[in-house]
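Peer 1:
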Amino acid sequence: MNDIFKQLHDQMKPRQELLDQLDAKLKKADEVPVHKGKAREVFSGLLAAACFALLAGVVIISQPTARTVSQAPSEGEVVAVQAAPAADYAELYSSVKSIWDQAHRNSGWAAPEGAPQAMPAGAASSEVGVLYSGTNVQVEGIDEGDIVKTDGKTIFVVKDQQVLAVSAEGADSKLLSTISVADDAKIGDGKRLGDVQEMMLAGNRLVVVASVYNPTDFYEGENGNAQQDYEVAETRAYLYDISAPNNPKYVSEFGQSGSYKTTRLLGNTLYLVTEYVIGEEPVEAVPESFVPQVSTGGTSSLMDAAKCQVAPEADQTAYSVTTGIDLTSAKRTGELSVLGGAETVYMSETNLYLAKTDWNYTATTEATNVQLARISLNGGVPKLEAQAKIPGYLLNQFALDEYEGYLRVATTTVGNDVQLTILDSSLSKVGQIKRIAKDEALQSVRFMGAVGYAVSFKQTDPLFALDLANPAKPKVISELKLPGFSSYLHPWGDGLLLGLGFPGDENGTTQGIKLSMFDVSDPASMKEIAQKVIKADYSPATDDHKAIYVDVERSLIGFAAGSYGYYEGDDTASEDYLVYSYADGKFKKVGEVDLADIGETGQVRGLQIGDGFYVAGPKQVGVYTLDGLREVGAVGLG
Amino acid sequence: MSAEPQLAAVEPLPVRTEADATHRAVERYGQMVFGVALTHTRNRGDADDVFQEVFLAYHRRQPMFNDDEHEKAWLLNATLKLAKKANSTSWRTRVVPISDDVEVPQDSFEFATDEQQRVFAALSSLPENYRTVLHLFYFEDQSVKQISEMLGISEAAAKMRLSRGRALMRENGGLDDE
């Protein structure tokens, strides 16, 4: 251990008071009679929480699959549940309060296991004659918010609280304008604007999403100075008219309670999803303490009780808030909040699906379920249609897919079985593959109509082909075992499937990033027909689909990756944007761009526009040739 | 689901009346549990809560272990999960610093020197995967092999996280070039 770490280590010790406290609790715990119902009265505050957890633990020893108390069926069943709109704020309050009380006494918790977004790039658009690559999205025709957007003429790049507009004119590209959200936003006294999170682009409208923070308490710092804390209050979509990209005009702003989850665009309607966590104990006389709000032009109002639904088995005081906004008329079309939260969002052309994993962990057992909600979107009006609970947890948005009226859901159960469940529109189970893989976790999944592909991993990478033509009888068609695993799958035309992930050997994964091409023209006999292991230590492409540029037509794949001197000593750190081509059964490197002047790997995107390739990040937009990636220009962004 | 049958089944279980085994675990692993809790919650209040919850769970459950490594791994994983829970529910982490000129007060843990504070800040700002691996490597003197076993990841993954974590620490000014 080197000295500085030793110094830190010596100080990172539990204080004597803490040890004494624990000691007292241990003694008390030994005295607790093992009777449910008594525990809550015996102890108060933190102690009650801890001891209740322990009791729950003991209860479960005798029945390992049962969940505690009155919540939820045990893991293993798919249960469709009825949604309940609140009649008024009083009813909403009592729901929120009871969940609050439960959560602050209960040992079970929900740990938001980041729902990594993942998805395929590059539905090329050609609206103005120039072909360009859009954001790599899950569902063709439904755009997803991102940090770089283009319409083939202008590239918009997020940089802190600003959005920079750069013309895509090859060597003549230049900075057109800078949008400073802070100049236009109606924030209100004492509040602060956060950094821009993502953008959406539709015709002449640019949507810029950023959160607004509320001041909370003042604290006295170590030096005696007052310090101010902030917490996220709401997330807002700022609309700009970019008909003249050199002179963007602020149009309006739409806000809603909670922190940003995602945006989707279908036609001209933007859907904004946030998660609003109630962090302070709700007070019935103060609806603001438990009712989500929406704002227009900086003016907030409480959502109607009728728009607030309570998921029957919500176990956290967190709402998902979904609104529709018509970008042409700049009007909100609908709003809905569901008490129960949201972490994974998938949208088809007719429905939005929100999923939240309910991690229920005690010292002895885990019973983890996905709470799923189907929200219809007719005319931009989100409406809760059905809810269900499915055992296990979701990998990411790709684990959800709607096809011919059925929803397919891939989960990994706590027992590490990879499962596939098919639900009808009421979210009732119609079919299931109980165990695609045993003792493995799902690593990637892609549904392509009547066929699905799933990758699980323990030591090797089985790629499974699934026959989903009959929703009542889904089945595994075949399995292809390979070292390593793909964390992202992308359809590659004509019976091919692209995989991006990690290489491996018989002992597990090894260093690098691996591209694979699978021949799936006969799903009963899949083959890996090409592979390339790229020397790199990490890439955002392995867990964020939007970080990948996939252009099937041009046979190109691009992503950022970084390398560090491997392990001790050697420090040849570098970050690059890499482009590969696939042809004739081979991956070939087209070129690479050093990211030092452009941005960090997670902040950059590669775009094809016309015959140029652009790598855009907060520091610079670089312009390159499509073949060979030779630099032809660069626009510095300060 | 009726709770009664479970209770009936539970009652015959002996209730432990002495805390020796737990005390022994606190002595041996208390610093690891507290340290991991601290680097994963970044503040003393939550670290204290996690510390207590881990050992209370240990005490009540009295888990059976094959060996010391197994016990250590159990405590580590319990700490990580409870820290995650604390982070998802604690007001302390819902507070978001949004500007360089606003100091983040939190219920912060004070180290003796600015340099130590800076190294801790750099470490605790790493993504969780890296933080855990670096913590075990630097503070607990665990080998890459031990780390991979404790966390249930491959050795290559452990090395990758260690390497990346060190590089990020360097970028954040928390680690001098060596």
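Respectively, the protein sequence lines represent chains A and B.
For the first sequence, position 121 matches number 585 in our numbering, and the numbering has no gaps at all.
For the second sequence, position 130 matches number 132 in our numbering, and the numbering has no gaps at all.
A virtual CB, placed ideally from N, CA and C, is assigned to each residue, including glycine.
Measure the alpha-carbon distance for A/VAL612 versus A/GLN780 and round it to whole angstroms.
Peer 2: Each residue's alpha carbon lies about 34 Å from the other.
Peer 1: Could you tell me which of A/VAL809, A/ALA929 and A/ALA778 sits nearest to A/GLN566, measuring between CA atoms?
Peer 2: The option with the nearest alpha carbon to A/GLN566 is A/ALA778.
Peer 1: Spatial neighbours of A/THR618 within its chain, please: C-beta separation below 8 Å, excluding the five flanking residues on both sides.
Peer 2: Closer than 8 Å at the Cβ level, and outside the excluded window around A/THR618, lie ALA629, VAL630, SER631, ALA632, LEU640, ILE706 and PRO709.
Peer 1: Hey, A/MET981 and A/ALA994: beta-carbon distance below 8 Å or not?
Peer 2: Yes, Cβ-Cβ distance for A/MET981 and A/ALA994 is below 8 Å.
Peer 1: Would you identify the three-state DSSP class for A/SER707, choosing helix, strand or coil?
Peer 2: A/SER707 falls in the coil class under three-state DSSP.
Peer 1: Determine, for B/LEU121, whether the minimum Cβ-Cβ distance to residues of chain A falls below 8 Å.
Peer 2: According to the sequence provided, residue 121 of chain B is Val. The question's Leu does not apply to it. At least one chain A Cβ lies under 8 Å of B/VAL121.
Peer 1: How long is the line joining the alpha carbons of A/ILE789 and B/THR41, rounded to whole angstroms?
Peer 2: When rounded, the distance between both Cα atoms is 41 Å.
Peer 1: Report back the beta-carbon spacing between A/VAL747 and A/SER723 to the nearest angstrom; my notes put them in contact at under 8 Å.
Peer 2: Rounded, the Cβ-Cβ distance is 22 Å, inconsistent with contact.
Peer 1: DSSP puts A/PRO855 in a beta bridge; with which residues?
Peer 2: Per DSSP, A/ASN833.
Peer 1: Is A/GLU662 near A/GLY609, with beta carbons less than 8 Å apart?
Peer 2: Yes. Within cutoff.
Peer 1: State buried or exposed for B/ARG26, treating a residue as buried only when at least 16 other CB atoms are found within 10 Å of its CB.
Peer 2: Exposed, by the Cβ-count rule.
Peer 1: Taking C-beta pairs closer than 9 Å, name the residues in chain A that B/ARG1 reaches, listed in chain order.
Peer 2: Chain B is shown only over 3 to 180; residue 1 of chain B falls outside these bounds and no answer can be derived.
Peer 1: Can you check whether the C-beta of B/ALA75 is within less than 8 Å of a C-beta belonging to chain A?
Peer 2: So, not an interface residue.
Peer 1: Below 8 Å, how does it come out for the segment 807-824 of chain A and the segment 759-774 of chain A: are there three or more Cβ pairs, yes or no?
Peer 2: In short, these stretches do not touch, since the Cβ pair count stays below three.
Peer 1: Can the beta-carbon of B/GLU130 be found less than 8 Å from the beta-carbon of B/MET34?
Peer 2: Not closer than 8 Å, so no.
Peer 1: If you draw a straight line from the alpha carbon of A/LEU800 to that of A/LEU836, how long is it in whole angstroms?
Peer 2: Distance between the alpha carbons of A/LEU800 and A/LEU836 is about 15 Å.
Peer 1: Under 8 Å between C-beta atoms, does B/LEU153 make it to chain A?
Peer 2: Output row for B/LEU153: interface = no.
Peer 1: At a CB-CB cut-off below 8 Å, which residues of chain A make contact with B/MET162?
Peer 2: Within chain A, the residues near B/MET162 are GLN975, ASP1001 and TYR1002.
Peer 1: From what residue to what residue does the alpha helix (DSSP H) around B/LYS161 run?
Peer 2: Segment 157-173, the alpha helix (DSSP H) holding B/LYS161.
Peer 1: Look at B/LEU170 and B/PHE139 and say whether their C-beta atoms are less than 8 Å apart.
Peer 2: The answer is no: Cβ separation not under 8 Å.
Peer 1: Run through DSSP, which three-state label would A/GLY1066 get?
Peer 2: Of the three classes helix, strand and coil, the one that applies to A/GLY1066 here is helix, per DSSP.
Peer 1: How about A/LYS945: is its C-beta nearer than 8 Å to some C-beta of chain B?
Peer 2: Output row for A/LYS945: interface = no.
Peer 1: Need the endpoints of the beta strand (DSSP E) that A/LYS991 sits in, please.
Peer 2: Per DSSP, A/LYS991 belongs to the beta strand (DSSP E) from 991-998.
Peer 1: Does any CB atom of chain B fall closer than 8 Å to the CB of A/LEU490?
Peer 2: Yes, A/LEU490 lies at the interface with chain B (some Cβ there is under 8 Å from its Cβ).
Peer 1: For B/TYR132, which residues does DSSP report across the bridge?
Peer 2: DSSP, once it has assigned bridges, lists no residue as partnering B/TYR132.
Peer 1: Between A/LYS996 and chain B, is any beta-carbon pair separated by less than 8 Å?
Peer 2: By this cut-off, A/LYS996 is not an interface position.
Peer 1: What are the residues that DSSP puts in a beta bridge with A/SER644?
Peer 2: For A/SER644, which the question treats as bridged, DSSP gives the partners A/GLN626.
Peer 1: Kindly indicate the opening and closing residues of the alpha helix (DSSP H) around B/SER150.
Peer 2: Counting along the chain, the alpha helix (DSSP H) containing B/SER150 begins and ends at 146-153.
Peer 1: Using only the alpha-carbon positions, how far apart do A/GLN975 and A/LYS996 sit?
Peer 2: Those two C-alpha atoms are separated by around 13 Å.
Peer 1: With respect to the alpha helix (DSSP H) encompassing B/GLN119, which residues constitute its N-terminal and C-terminal limits?
Peer 2: Note, B/GLN119: alpha helix (DSSP H), 116-126.
Peer 1: Cβ closer than 7 Å: which chain B residues qualify as neighbours of A/GLN471?
Peer 2: Correct list: GLN118.
Peer 1: To the nearest angstrom, how far is it from the Cα of A/LYS638 to the Cα of A/VAL1099?
Peer 2: Cα to Cα, A/LYS638 sits roughly 6 Å from A/VAL1099.
Peer 1: Between the alpha carbons of A/PHE921 and A/GLN720, how many angstroms are there, rounded?
Peer 2: Spanning the two alpha carbons is a distance of roughly 39 Å.
Peer 1: Can you give the Cα-Cα distance for A/VAL1085 and A/VAL1079, rounded to whole angstroms?
Peer 2: In a straight line, the C-alpha of A/VAL1085 is about 6 Å away from that of A/VAL1079.
Peer 1: Can you name the residues of chain B whose CB is closer than 7 Å to the CB of A/PRO478?
Peer 2: The answer, in chain order, is GLY32, PHE36 and PHE53.
Peer 1: Over the uninterrupted beta strand (DSSP E) stretch that includes A/LEU961, give me the two end residues.
Peer 2: Residues 960-966.
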